[in-house]
Amino acid sequence: MSVLSVIGLTKRYPNFNLQDINFSLSQGKIMGLIGKNGAGKSTTLKCILNMVHPDSGTIKMFGQDFKANEEKCKQEIGVVLGGIDFYKHKKISDITATTKRFYKNWDEAAYQKYLQTFSLIPEKRVKDLSSGMKVKYMITLALSHNAKLLILDEPTSGLDPVSRDDLLGLFRQLVVDGERSILFSTHITSDLEKIADDITYIKDGNLLKSAKKAAFIESFQHLKEPGETGELSLEDIMIRTERSRYDV
Amino acid sequence: MFNLLYKELRIAAHPNLFVFTALGMLVIVPAYPYGMVFLFGCLGPFITFMYGRETNDIYYTALLPVKKSDTVKSKIMLVVLAQMTQLLISLPFAFLRVRVIPEGNPAGIEANVAYYGFGFMIYAVFNFIFLTYFFKTAYKVGNAFLLAMIPASLGVMFMEVIVHFPQFRWLDSIESKMMIRQLPILIIGLLAYVIMMFATYRVSVKHFEQVDL
Numbered sequence: 094m095s096v097l098s099v100i101g102l103t104k105r106y107p108n109f110n111l112q113d114i115n116f117s118l119s120q121g122k123i124m125g126l127i128g129k130n131g132a133g134k135s136t137t138l139k140c141i142l143n144m145v146h147p148d149s150g151t152i153k154m155f156g157q158d159f160k161a162n163e164e165k166c167k168q169e170i171g172v173v174l175g176g177i178d179f180y181k182h183k184k185i186s187d188i189t190a191t192t193k194r195f196y197k198n199w200d201e202a203a204y205q206k207y208l209q210t211f212s213l214i215p216e217k218r219v220k221d222l223s224s225g226m227k228v229k230y231m232i233t234l235a236l237s238h239n240a241k242l243l244i245l246d247e248p249t250s251g252l253d254p255v256s257r258d259d260l261l262g263l264f265r266q267l268v269v270d271g272e273r274s275i276l277f278s279t280h281i282t283s284d285l286e287k288i289a290d291d292i293t294y295i296k297d298g299n300l301l302k303s304a305k306k307a308a309f310i311e312s313f314q315h316l317k318e319p320g321e322t323g324e325l326s327l328e329d330i331m332i333r334t335e336r337s338r339y340d341v
Numbered sequence: 033m034f035n036l037l038y039k040e041l042r043i044a045a046h047p048n049l050f051v052f053t054a055l056g057m058l059v060i061v062p063a064y065p066y067g068m069v070f071l072f073g074c075l076g077p078f079i080t081f082m083y084g085r086e087t088n089d090i091y092y093t094a095l096l097p098v099k100k101s102d103t104v105k106s107k108i109m110l111v112v113l114a115q116m117t118q119l120l121i122s123l124p125f126a127f128l129r130v131r132v133i134p135e136g137n138p139a140g141i142e143a144n145v146a147y148y149g150f151g152f153m154i155y156a157v158f159n160f161i162f163l164t165y166f167f168k169t170a171y172k173v174g175n176a177f178l179l180a181m182i183p184a185s186l187g188v189m190f191m192e193v194i195v196h197f198p199q200f201r202w203l204d205s206i207e208s209k210m211m212i213r214q215l216p217i218l219i220i221g222l223l224a225y226v227i228m229m230f231a232t233y234r235v236s237v238k239h240f241e242q243v244d245l
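So, in structure tokens, the structure goes:
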């Protein structure tokens, strides 16, 4: 079953166009949204969340039109916007006390459990959390209201390798029971090598390909240079696709 | 809706908003231009909106399971709550002042019926310009404040200056008879405030719906 379908998503800016993006995320899967900086990953995610108004296209979430059922759908999702800290001078406990009031399915016991699991101290202020801890806190909030879909915009950017690996392991664990799904944008392709089921690649606002990871990698093997034997990695694929030459 | 107002007060509002709201009590100062109280009532929301931009309050709210129009409603309710609380706080001090320091305020208008009427008008104009302009972008707080402060300051100056002209001395009075004469100003002010706040909400929602965050 598809938890998220993006159909014909288009957004035009004066100097950038996101053109006809189509992909679908199945329940229990992790999809990686890749592309270099400025390719349109964040715009795609913001369009999905109706934070940015697309010029055309439809978003279906949990089988219903997102725009028409925005409040209902948002009850079931958790979002981490990379690089955006909320209320950095406030304590975790204050932000939680506010956030939980908005969710019908808030599970206090689960919240306490995740706080302990991730060693989050409620008295700490957001500014005192490391980047990895901030992501974990946002995920704690999402899991505590029983989010079925996690939309994560560059959650691992700026993290050290250990924290990144730690988070990736967590993401994999979260989808194990097949209940939750994750859409995860990143330019760190090695992250996806480890955990993604599907890959969607956006280049300069256009959808290059969206497929299962193995099929995705397979479809780009024509980029191999003469003499190369092994399979190209996601990083090789991205670099070779994006490589530009400067006439200087 | 109550939840959003709770959010505004607990994590979104800058502490300064509470301080400026409490400054309603300035009407007990023996010689002071009481119009400043209204300017503090405009400054409080400005600082909170600046703080909101710094704390990514709009992004946090946009991700909550609420309608986009509710984000606007909660901000407007916060501003109204702060300004009305400020005026409410000022009331006992206005009464007290007349008893404790019966000689008038040499600096400008007394905290009388006309004063509160002018206050409502000043707030109505400031709020309409500040909020509707802000929600065009949800980040240009400085421009919105500057634009809104011009008529608000002119309004305060007008109120403070006019009472020095002999033919308008009745506006400066705290005698019951004169205050009854001032009553239409209060009624017009209150009506203007209510009507303008509804208009502010409608126009701000229209603007904010177009904003790409």
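These protein sequences, in sequence, are chains L and D. Residue numbers for the first sequence follow this note's numbering, beginning at 94 and rising by one. Residue numbers for the second sequence follow this note's numbering, beginning at 33 and rising by one. Just so you know, even glycine gets a beta-carbon here, dropped at the ideal spot from N, CA and C.
If you check the CB distance, Phe240 of chain D and Lys105 of chain D do not come in under 8 Å. Of the candidates L:Asp113, L:Val269, L:Glu163 and L:Lys302, the residue whose Cα lies closest to the Cα of Gln120 of chain L is L:Val269. For the segment 173-189 of chain L, the set of positions with a beta-carbon nearer than 7 Å to some beta-carbon of chain D reads Leu174, Ile177, Asp178, Phe179, Tyr180, Lys181, Lys183, Asp187 and Ile188 in chain order. Close to Gln168 of chain L, with beta-carbon spacing below 7 Å, are these residues of chain D in chain order: Pro97.
In this structure Asp221 of chain L is exposed. Its beta-carbon is surrounded by fewer than 16 other beta-carbon atoms within 10 angstroms. In the three-state scheme derived from DSSP, where H, G and I count as helix and E and B as strand, Leu245 of chain D is classed as coil. Note that the segment 218-234 of chain L touches the segment 244-263 of chain L; at least 3 beta-carbon pairs, one per stretch, sit closer than 8 Å.
Chain D has no Cβ within less than 8 Å of the Cβ of Arg265 of chain L. Taking 8 Å as the threshold, the shortest C-beta distance from Val99 of chain L to chain D does not fall below it.
Membership of Thr279 of chain L in the beta strand (DSSP E) is indicated by the continuous run Ser274 to Thr279. Between the C-alpha atoms of Glu272 of chain L and Leu179 of chain D there is a straight-line separation of about 51 Å.
For Gln112 of chain L, the enclosing beta strand (DSSP E) starts and ends at Asn110 to Ser119.
Per the C-alpha coordinates, the member of D:Asn175, D:Glu192 and D:Lys209 positioned closest to Ile79 of chain D is D:Asn175. Counting along the chain, the unbroken alpha helix (DSSP H) around Ile188 of chain L starts and ends at Ile185 to Thr192.
Arg273 of chain L is outside the set of residues whose beta carbon lies under 8 Å from a beta carbon in chain D. Restricted to the segment 142-220 of chain L, the beta strand (DSSP E) segments that are unbroken, complete and at least 3 residues in length are 149-154 and 170-174, listed in chain order.
About 5 Å separates the beta carbons of Phe125 of chain D and Met57 of chain D, which is inside the 8 Å limit, making them a contact pair. Note that the segment 152-165 of chain L touches the segment 97-116 of chain L; at least 3 beta-carbon pairs, one per stretch, sit closer than 8 Å. For the pair Glu321 of chain L and Glu286 of chain L, the Cα-to-Cα distance works out to about 20 Å.
Within chain L, no residue has its beta carbon less than 9 Å from that of Arg85 of chain D; the closest one is some 12 Å off. By the Cβ criterion, the segment 68-87 of chain D is in contact with the segment 177-195 of chain L, since at least three pairs of Cβ atoms, one from each stretch, lie closer than 8 Å. Against chain D, the CB of Thr191 of chain L has a partner CB under 8 Å away; the residue lies at that interface.
Between Gly76 of chain D and Val188 of chain D, the C-beta gap is not smaller than 8 Å, which leaves the two residues out of contact. In summary, Tyr148 of chain D is buried, with 16 or more beta-carbon neighbours lying within 10 Å of its beta-carbon over all protein chains present. Shown here for Leu208 of chain L: same chain residues with a beta carbon closer than 7 Å to its own, the five before and five after excluded, namely Pro215 and Thr233 in chain order. A direct Cα-to-Cα measurement between Tyr294 of chain L and Ile127 of chain L gives close to 5 Å. Spatial neighbours of Met82 of chain D in its own chain (CB-CB distance under 6 Å, excluding positions within 5 residues in sequence) are listed in chain order as Val173.
Remark: C-beta atoms of Phe72 of chain D and Leu55 of chain D approach each other more closely than 8 Å. Cβ neighbours of Lys197 of chain L within its own chain (closer than 7 Å, five residues either side excluded): Gln168. Going by DSSP, Thr103 of chain L is part of the beta strand (DSSP E) stretching over Ser95 to Arg105. Around the beta carbon of Lys209 of chain D, fewer than 16 other beta carbons lie within 10 angstroms, which makes this residue exposed. The Cβ-Cβ distance between Lys104 of chain L and Asp148 of chain L falls below 8 Å.
When L:Ser223, L:His280, L:Asn239 and L:Leu236 are compared, the shortest CA-CA separation from Val255 of chain L is found for L:Ser223. Taking every protein chain shown into account, the CB of Asn137 of chain D has 16 or more other CB atoms within 10 angstroms, so this residue is buried. For Tyr171 of chain D, no alpha helix (DSSP H) encloses it, and the DSSP letter there is neither H nor E. Contact fails between the segment 38-51 of chain D and the segment 317-337 of chain L, because fewer than three Cβ pairs, one in each stretch, are under 8 Å apart.
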